[in-house]
Amino acid sequence: KNKIRNRNKVEGSSNYKRDPKYYSIKTIVSKFEKFKTSNLLNDRYICIKKYKVSYNTMFINIGAHINNLDKYFRIYYGKAYAIRQSSKEGSYIIRFIDRFHLKDEKSTTSIFISREIIEESHFKKQWIKDLETLVDSGNNFDAFIYAKPRKNNEYINFSPSTMDYIDLRTSSSDGAK
Numbered sequence: 100k101n102k103i104r105n106r107n108k109v110e111g112s113s114n115y116k117r118d119p120k121y122y123s124i125k126t127i128v129s130k131f132e133k134f135k136t137s138n139l140l141n142d143r144y145i146c147i148k149k150y151k152v153s154y155n156t157m158f159i160n161i162g163a164h165i166n167n168l169d170k171y172f173r174i175y176y177g178k179a180y181a182i183r184q185s186s187k188e189g190s191y192i193i194r195f196i197d198r199f200h201l202k203d204e205k206s207t208t209s210i211f212i213s214r215e216i217i218e219e220s221h222f223k224k225q226w227i228k229d230l231e232t233l234v235d236s237g238n239n240f241d242a243f244i245y246a247k248p249r250k251n252n253e254y255i256n257f258s259p260s261t262m263d264y265i266d267l268r269t270s271s272s273d274g275a276k
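Everything in the sequence shown is counted per our numbering, starting at 100 for the first residue and increasing by one.
#1: What would DSSP say about T232, mapped onto helix, strand or coil?
#2: Pick from A246, G189, K135 and A181: whose alpha carbon is nearest that of F195?
#3: With a Cβ-Cβ cutoff of 8 Å, do S258 and F199 count as a contact?
#4: Please report how far the alpha carbon of T156 lies from the alpha carbon of N141, in whole angstroms.
#5: Between which two residues does the beta strand (DSSP E) carrying R173 extend?
#6: Beta-carbon separation of I216 and I174 under 8 Å?
#7: Indicate whether Y254 and S206 have their beta-carbon atoms separated by less than 8 Å.
#8: What does DSSP give as the partner residues of N256 in its beta bridges?
If you want it as structure tokens, here you go:
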């Protein structure tokens, strides 16, 4: 009982700051955009499994030149467009406009969104509506994915395990989802 009371005192103090728990990347992406505008990406951190990672390290622009694929999950982002997966009904491909620059190679980069992970989402109807709108409009948008990239010949692919690891935003800064 004393431990609980002591914890409440610490949490209630003005100096206490608890690390937030995120279940979707949307909040992190919003903070990234805010910190990028304020030029604070190196000064702000995300706590992942008790490790502090700067926003600058956590977010990787698809068009940036990198030497190695990261072994940790990162948030990859860039301008993209959406297409329907022709061989698998109800699935989509998000194709980045910029090519991934790994060492001296340029790779086409895509996110494969399977019908199954859309169906598992709590917001599946909204996701389908948003993806259909993006496909039909043909417009480019900002795509963010929390994942580890996989290299397959001249392609870099992302296969998210949940829709919570994807954020698609139109140029008006509103989330497409």
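Don't be surprised by glycine CBs; every beta carbon is placed ideally from N, CA and C.
According to the structure data:
#1: helix
#2: A181
#3: Remark: C-beta atoms of S258 and F199 do not approach each other more closely than 8 Å.
#4: The alpha-carbon separation between T156 and N141 amounts to approximately 8 Å.
#5: R173 to R183
#6: no
#7: yes
#8: S209 and R249
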